[in-house]
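Asks:
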Amino acid sequence: MNAPELQAQNDPHTGVYERATGLADEWWRVSLSDRPHMYRIEHGGAGGRVDIDTVVDLDNLRAKLIKWQREGFARAGDEQSETEAPRDSGFLAALKHAIETTSKSAKPRAERSVTIGNVRVPVGRASPLVPAVNSAYLFAERFNDIIADIVENRRVMLIGHTGAGKTSLIEQVAARSKHGVLRSNMNGQTTVSDFVGFWTVKGGETMWVDGVLPTAMREGLWLIIDELDFAEPSILAVLTAVLEPNGRLLLKEKGNEIVAAHPSFRLFATANAVGAMSQFRHLYQGANLMNEAFLDRWRVYLLDYLSPDEEAEVLMRTLAPRMSRPMAETLAAIASDCRAAFTREDLASAFSTRRLLDWAELMLRTGDPERAAGPAIYAKVSPEDAALIRSIIRHHIVFDA
Ligand SMILES: Nc1ncnc2c1ncn2[C@@H]1O[C@H](COP(=O)(O)OP(=O)(O)O)[C@@H](O)[C@H]1O
Ligand SMILES: [Mg+2]
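Here the sequence shown stands for residues 16 to 416, where the numbers follow this note's numbering.
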């Protein structure tokens with residue numbers, strides 16, 4: 016063995032670093048250069064083709080070794096370190112590894128945070144705008160992704176039928192993490208000036224009044240834009256700029272003042288009939304379609320009604336001990352049947368959890384489900400709907416003759 020060969024064998028860096036991506040094999044070869052204290056590195060792909068052949072010093076090589084390790088290159092026989100990407104693994108295994116590595120290297124937890132579902136949510140500050148905690152509120156496991164998006168400051172849009180729980184999900188996350196909430200409903204008279212702000216005269220002086228959007232952005236509040244599919248196009252246009260990451264609001268009416276978002280500011284929208292809910296558009300008269308470019312600025316979650324089991328649980332949490340488990344299950348089954356009739360279009364009116372809770376509460380006072388259904392259900396719907404709901408109730412509850 017000649018001197019250079021002996022040197023190469025003793026050098027801890029030389030060798031072939033390979034990666035099997037599952038698509039095409041790739042490798043880096045490190046050998047000693049002819050020049051003292053320098054290394055030759057070559058890069059090759061499938062078929063033995065060499066596309067990089069260069070000489071670097073030790074510092075440069077060390078930086079490259081770290082980079083290659085991150086990219087999943089390893090020498091045969093080398094121990095894989097904990098942070099090394101798995102070799103010869105499929106896409107899902109690589110994804111799992113990426114998630115584990117991210118959570119290991121995650122930033123230290125915010126000083127004050129609260130666990131909601133399985134997500135740590137940083138705590139805001141007390142304010143009269145923090146919604147009240149509903150202790151009967153049930154955080155289903157499927158809400159965890161939505162809560163994680165809130166922490167990551169993603170724009171979240173919840174779509175689903177009336178009363179499915181869109182607004183209350185955001186409000187209950189805010190209630191538990193102590194963030195003030197502003198709501199703006201687009202299915203009414205909300206104008207661009209309500210939303211953005213306007214000039215007014217007060218005590219002889221002209222002054223600017225911020226609308227809900229700049230107020231929430233400046234104060235670090237959570238803004239829920241309800242029924243966004245009913246918003247005027249001019250409001251959607253204003254929103255578009257704010258939806259960008261680090262998006263700012265330009266108050267054109269106020270001499271082009273720029274409003275930057277407070278770090279606690281969050282933006283939410285709810286809608287009934289866009290995206291995956293478009294098939295129900297005819298049930299929500301006047302709802303507008305939203306173009307895909309606008310929808311792509313949001314994480315859009317389809318929220319369904321609670322399952323009968325979950326709804327029975329909510330009834331129990333709200334009304335036990337007066338509410339028994341069999342009663343709760345029967346009532347949840349009635350709500351579920353009414354919703355099925357609604358999606359079949361046999362019923363024109365939706366059946367929210369709120370309506371079910373109200374009916375249950377009233378029947379616990381009156382002792383009479385039929386009488387309680389009057390003000391809680393029948394009086395709110397058409398006579399035809401009332402008749403169908405009555406028959407669904409009678410299918411589940413046997414009344415004395
Ligand atoms: N996960 C839940 N746990 C407990 N109650 C719920 C839950 N989801 C919805 N509700 C009840 O249903 C009612 C209607 O929900 P809401 O958020 O107003 O619906 P939406 O905004 O979709 O119309 C809420 O006031 C709440 O009482
Ligand atoms: Mg709502």
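Every residue, glycine too, gets a C-beta built ideally from N, C-alpha and C. Bear in mind that the values here come from a model prediction, so they are computed numbers and not experimental data.
Give me the DSSP bridge partner(s) of Thr285.
Replies: Leu173
Asks: For the beta strand (DSSP E) containing Pro137, list its first residue and its last residue.
Replies: 134 to 137
Asks: Count the CB pairs spanning the region 171 to 188 and the region 217 to 230 that are closer than 8 Å, and state whether there are at least three.
Replies: no
Asks: Which residue comes first and which comes last in the alpha helix (DSSP H) that contains Ile161?
Replies: 159 to 166
Asks: So which of Pro27, Ser48, Thr230 has the shortest CA-CA distance to His277?
Replies: Thr230
Asks: Tell me whether Arg124 is buried or exposed, calling it buried when 16 or more other Cβ atoms sit within 10 Å of its Cβ.
Replies: Confidence is the limiting factor: at Arg124 the pLDDT is only 49, short of 50, which leaves the residue's position unreliable, though a coordinate-based value still follows. Classification of Arg124: exposed, given that the 10 Å Cβ count is below 16.
Asks: Looking at Leu362 and Val315, is the spacing between their C-beta atoms short of 9 Å?
Replies: no
Asks: Any idea if Ala286 is buried or exposed, counting beta-carbon neighbours within 10 angstroms, 16 or more meaning buried?
Replies: Per the 10 Å Cβ criterion, buried.
Asks: Run the CB neighbour count on Ala327, radius 10 Å, all protein chains shown included, and call it buried at 16 or more, exposed below.
Replies: buried
Asks: Relative to ligand 1, is the shortest distance from any of its heavy atoms to the C-beta of Arg369 smaller than 8 Å?
Replies: yes
Asks: With a threshold of 16 other CB atoms inside 10 Å of the CB of Glu167, please say whether the residue is buried or exposed.
Replies: exposed
Asks: Hey, Gly180 and Leu318: beta-carbon distance below 9 Å or not?
Replies: yes
Asks: Is the CB-CB distance between Arg405 and Ala394 below 9 Å?
Replies: no
Asks: Have a look at Gly270, Ser199, Arg233, Ala365 and flag the residue whose alpha-carbon is nearest the alpha-carbon of Met222.
Replies: Gly270
Asks: Which first and last residues belong to the alpha helix (DSSP H) in which Gly459 is found?
Replies: Outside the shown range of the chain, which is 16 to 416, sits residue 459, and nothing can be said about it.
Asks: Can you say whether Ser208 is buried or exposed, counting buried as having 16 or more other CB atoms within 10 angstroms of its CB?
Replies: exposed
Asks: Tell me which residue opens and which closes the beta strand (DSSP E) that Gly212 is part of.
Replies: 212 to 217
Asks: Tell me the DSSP secondary structure of Val145 in three-state form.
Replies: coil
Asks: Express the C-alpha separation of Pro336 and Leu107 in angstroms, rounding to a whole number.
Replies: 46 Å
Asks: From Phe213, Ala147, Arg170, pick the residue whose C-alpha is nearest to that of His194; which is it?
Replies: Residue Ala147 holds the alpha-carbon nearest to the alpha-carbon of His194 among Phe213, Ala147, Arg170.
Asks: If you drop the 5 nearest sequence neighbours on each side, which residues of the same chain put their C-beta closer than 7 Å to that of Val129?
Replies: Around Val129: Val136, Val138, Arg191, Ser192.
Asks: Who does Thr221 pair with in a DSSP beta bridge?
Replies: Val216
Asks: Residues in its own chain within less than 6 Å of Asn202 by CB, not counting five upstream and five downstream?
Replies: Glu242, Phe245
Asks: So, Phe280 versus Glu234, is the Cβ gap smaller than 9 Å?
Replies: In contact: Phe280 and Glu234 (Cβ atoms closer than 9 Å).
Asks: Where does Asn200 sit, in a helix, a strand or coil, going by DSSP?
Replies: strand
Asks: My output table needs one value for Ser367: the three-state DSSP class, helix, strand or coil.
Replies: In the structure shown, Ser367 adopts coil according to DSSP, grouped into three states.
Asks: What residues match up with Arg314 in a beta bridge as DSSP calls it?
Replies: Val171
Asks: By Cβ distance below 7 Å, which residues in the same chain neighbour Ser322 in space, the five residues on each side in sequence not counted?
Replies: Counting only Cβ-Cβ distances below 7 Å, and skipping sequence neighbours, we find nothing.
Asks: Helix, strand or coil: how does DSSP classify Tyr393 here?
Replies: Here Tyr393 sits in helix by DSSP.
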